[in-house]
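**Q** Residue numbers (the working numbering): 8 to 406.
Glycine included, each C-beta is placed from N, C-alpha and C at the ideal position.
One structure is given below, represented as structure tokens, and several questions about it will come after.
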Amino acid sequence: MNLKFVLCFTSLLLSIGITTTDAARTTFTITNDRRILLGNGLGRTPQMGWNNYNHFGCNVDEKLIMETADAMVSTGLAAVGYEYVNMDDCWAELDRDSEGNLVPKAKAFPSGIKALADYVHNIGLKLGIYVDAGTVTCSKEMPGSLGHEEQDAKTFASWGIDYLKYDNCNSHGLIPQNRYPKMEIALQNSGRPIFYSICQWQNDPATWAHKVGNSWRTTDDIKDNWDSMTSGADENDIWAAYAKPGAWNDPDMLEVGNGGMTTEEYRSHFSIWALAKAPLLIGCDIRSMSNETYEILSNKEVIDINQDTLGVQGIKVRKNGDLEVWAGPLADDKVAVILWNRGNSTSQITANWTDIGLNSTTIVDARDLWAHTTQKSIKGHISATVISHACKMYVLTPQ
Ligand code: GAL
């Protein structure tokens, strides 16, 4: 399958809508608007990194950020692509200073944010920060940037910040389409390239945010359980046509390693996020993660699907009850496929070439990305027996 093939189906897919039924979705799509209007050149592949919120909530301080950055390097996670170390809500004092500047909490950040950014940069990583497009953030512990967009973006740039997560609480009914572009312009004027992560999932942000930010949320907050993870995957899938290099759908941060799901469920979570070109933002405590957690988060073959240069979001192409096939095209005419068993009993799942955009006569080699084995010269379809809540993930390379 070549790029031309994919492109020629774009308008068809957009016109039939992207619904998931027991019938197969015809094919994948790439958006017909490949322009990046946010001119920061960032996020050509989905962002990879870590954020404190899923595991630590409001408990963020410089010690946690420095130790996490150190662990990112010492564990080898940085070497497989994780680069942003992001702090979430609650890092600032509720009151701005006399000149209206944001002030980090003195107890939590005694060295200041600039020193923290220097520390993170010195070990080869990048530092992210959080603020809100309203008057106060969601925790109500710190101010929002509404009306202070230019000033706050300049402050972030002066500290050496590389990434902004911009949330949507306490916005007093002002529509996001007015507030988010203000911060986009402020970041552009700040003098520093800053990745712009839009944290807003109401008002169908995919339809407008792909021209404003590097990513936008498609779901409410993920929880560390199977139902939340699977429903987030489905909600995010609807917006696949809007994803493109520089602008990605974001079904929220990873829960892998936080303890609420089984290893197979976390493997499915990571596989689907990778295929869907979702941000891979680790949400557990990497300073004390288990070997199993590390084995999932550091699977380079799965990460390579997420970071593939074609930048097309993989989608659910077939569903038969709880048995699903997800797939997406990759660079060099390769195809990524996931056979996902969302049911309660072990079952056989099959992906037919015609469901996943391959010509029915194509012969492929299939690389199993979790077993790290290759099946040679397969024709027509690939099948596997998959245990409950597990998945098989392959890259198919036409011969
Ligand atoms: C939510 C957001 C979370 C986290 C939280 C902080 O709105 O979706 O990811 O940032 O606010 O209060």
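#1: Alpha carbon to alpha carbon, how far is Ser204 from Glu242? Give it in angstroms, no decimals.
#2: Please go through the region 301–338 and give each complete alpha helix (DSSP H) segment of 4 or more residues, from N-terminal end onward.
#3: Beta-carbon within less than 7 Å of Trp215's beta-carbon, same chain only, minus the 5 sequence neighbours each way: which residues are those?
#4: Determine which residues share a DSSP beta bridge with Val393 and list them.
#5: Look at the alpha carbon of Asn348 and the alpha carbon of Ser278, and state the distance between them as a whole number of angstroms.
#6: To which residues of the same chain is Leu346 closer than 7 Å at the C-beta, ignoring the five residues directly before and after it?
#7: Run the CB neighbour count on Asp96, radius 10 Å, all protein chains shown included, and call it buried at 16 or more, exposed below.
#8: Pick out whichever of Asn177, Ser275, Lys161 has its Cα sitting closest to the Cα of Met190.
#9: Would you please state the rounded distance, in angstroms, between the beta carbons of His155 and Gly107? I believe it to be under 8 Å.
#10: Starting from the C-beta of Pro188, find all residues in its chain whose C-beta is less than 8 Å away, skip the five residues before and the five after it, and write them out in chain order.
#11: Counting Cβ pairs closer than 8 Å, one from the region 144–159 and one from the region 71–78, do we hit at least three?
#12: Judging by CA-CA distance, which residue of Ser105, Pro117, Trp280, Val80 is the nearest neighbour of Trp98?
#13: Looking only at C-alpha atoms, which of Gly131, Ala164, Gly180, Ile312 sits nearest to Ala285?
#14: Thinking just about the alpha-carbon of each residue, which of Thr353, His388, Asn61, Glu271 is nearest to the one in Trp360?
#15: Can we count Tyr60 as close to the ligand GAL, meaning its CB is less than 6 Å from some heavy atom?
#16: Could you compute how far the alpha carbon of Asp227 sits from the alpha carbon of His396?
**A** Quick look at the numbers:
#1: 18 Å
#2: 307–313
#3: Gln184
#4: Ser354
#5: 13 Å
#6: Val332, Ile356, Ala358, Ala391, Val393, Cys398, Lys399
#7: buried
#8: Lys161
#9: 6 Å
#10: Val219
#11: no
#12: Pro117
#13: Ile312
#14: His388
#15: yes
#16: 22 Å
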